[in-house]
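Student:
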Amino acid sequence: MSLLDETFAKLRSEGRKALLPFITAGDPDLDFTGDLLKDFGEAGVAACEVGVPYSDPVADGPVIQASYQRALESGFRLQQLFEMRKRIAAEVTIPTLTMASYAIIYRVGLERYIEQSQEAGFCGAIVPDLLVEEAAEFSKLCADRDFNLIQLVTPTTPRERQVRIAESSSGFLYFVSVTGITGERNELPPQLIDNVGWLREQTDVPVCIGFGISQPEHVAKLGPVADGLIVGSAIVRRIAQANAENRGEVRGEIDRYVREMLAAINAVK
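So the sequence shown is numbered by the numbering used here: it starts at 6 and just counts up by one.
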């Protein structure tokens, strides 16, 4: 079992839910990214997703898309992310995952991407644009190396196809709450709870909800039906305020927000 698998198994045995923050690698720089990974571990989140900046975003709303652009303009390179993660390995106690376009993984090489990720300390990858019809090779390589492959299910994914995606995924399934792009929202679709509940009955793979999760009220509503909740844009929006003079202040604001969301998810029964 990977560290992510162990984490979800422990949470399930304790009747608890997972909070998974998302941040963009290299925004505003990789030192700040590393500091946040340490902070998240100390706060007690279940795992963290680290987005690999890409010039052709797949489903990213304006907040995350802007963060990718900032990182790329500052000279971000994938190998630098791996090197940074390796340097802080002893200080990061939570599972960390990359979220990367399949185009990036394919360019690196499937086996090489897994190898470099694991050497750096990442235990899996979320691949939002990998079609289930094309996932067999990468899924098998990941399974053979105990490297989690997390794939996405959307509100418009036919149920038969959802089951097929679950069969080629591990770690957890990323259930997209809404059609469209990422971003903070006040309201989430009423049918979301029924859809997630149905999928959880079809698979043993944990199901986590992402896109639009930003408020404790969302946690209270969705927590009971999901295995975990993913929070991205609300954190990335706060990171966008960081500069050379206020980094400590921004880290403190993010830490307070994450702990508020953690308190909400820990209250879910």
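Every residue, glycine too, gets a C-beta built ideally from N, C-alpha and C.
#1: Taking the straight line between their C-alpha atoms, what separation do you get for GLU250 and ASP36?
#2: For PHE13, which residues of its own chain have a beta-carbon under 7 Å away from its beta-carbon, when the five flanking residues on both sides are left out?
#3: Can you give me the C-alpha to C-alpha distance between ILE119 and ARG112, rounded to a whole angstrom?
#4: One question on the structure: do THR98 and GLY39 come within less than 8 Å of each other, judged by their Cβ atoms?
#5: So is GLU139 buried or exposed if we call it buried at 16+ other beta carbons inside 10 Å?
#6: Return yes when the Cβ of ILE244 is within less than 8 Å of the Cβ of ASP32, no when it is not.
#7: Distance, Cα to Cα, LEU146 vs LYS15?
#8: Ends of the alpha helix (DSSP H) at MET276?
#9: Given that a residue counts as buried once 16 or more other Cβ atoms are within 10 Å of its Cβ, and exposed if not, what is ALA295?
#10: Run through DSSP, which three-state label would CYS128 get?
#11: Starting from the N-terminal side, write out each stretch of the alpha helix (DSSP H) that is 4 residues or longer and does not extend beyond the stretch 136-166.
#12: Rounding to the nearest angstrom, what Cα-Cα distance links ALA121 and LYS91 in this structure?
#13: Taking only the alpha-carbon atoms, compute the straight-line gap between GLU124 and GLU11 and give it to the nearest angstrom.
#14: Can you give me the C-alpha to C-alpha distance between LEU154 and GLU254, rounded to a whole angstrom?
#15: On a CA-only basis, which of THR103, LEU227 and ALA272 is nearest GLY202? Give me that one, please.
#16: For PRO67, name the three-state secondary structure that DSSP assigns.
#17: If I follow the unbroken beta strand (DSSP E) through ALA23, where does it start and stop?
Tutor: Let me lay it out:
#1: The straight-line gap separating the alpha-carbon atoms of GLU250 and ASP36 is approximately 15 Å.
#2: Once the five neighbours on either side are set aside, the close Cβ partners of PHE13 are ALA23, PHE177, PRO211 and ASP232.
#3: So the two alpha carbons sit approximately 12 Å from each other.
#4: For THR98 and GLY39, no; Cβs fall outside 8 Å.
#5: Taking all protein chains shown into account, GLU139 has fewer than 16 neighbouring C-beta atoms within 10 Å of its C-beta and is therefore exposed.
#6: Yes.
#7: When rounded, the distance between both Cα atoms is 25 Å.
#8: It is not possible to answer for residue 276, since the shown part of the chain is limited to 6 through 274.
#9: Since the displayed the chain opens at 6 and closes at 274, residue 295 lies outside it and no answer follows.
#10: Three-state DSSP puts CYS128 in coil, outside helix and strand.
#11: The qualifying runs are 141-149.
#12: The sequence as given places Gln at residue 121; Ala does not occur at that position. If you take the alpha carbons of GLN121 and LYS91, they lie about 10 Å apart.
#13: If you take the alpha carbons of GLU124 and GLU11, they lie about 19 Å apart.
#14: When rounded, the distance between both Cα atoms is 35 Å.
#15: Of THR103, LEU227 and ALA272, the residue nearest in Cα terms is LEU227.
#16: Shown here, PRO67 sits in a helix according to DSSP, grouped into three states.
#17: Annotation for ALA23: the continuous beta strand (DSSP E) segment containing it runs 23-29.
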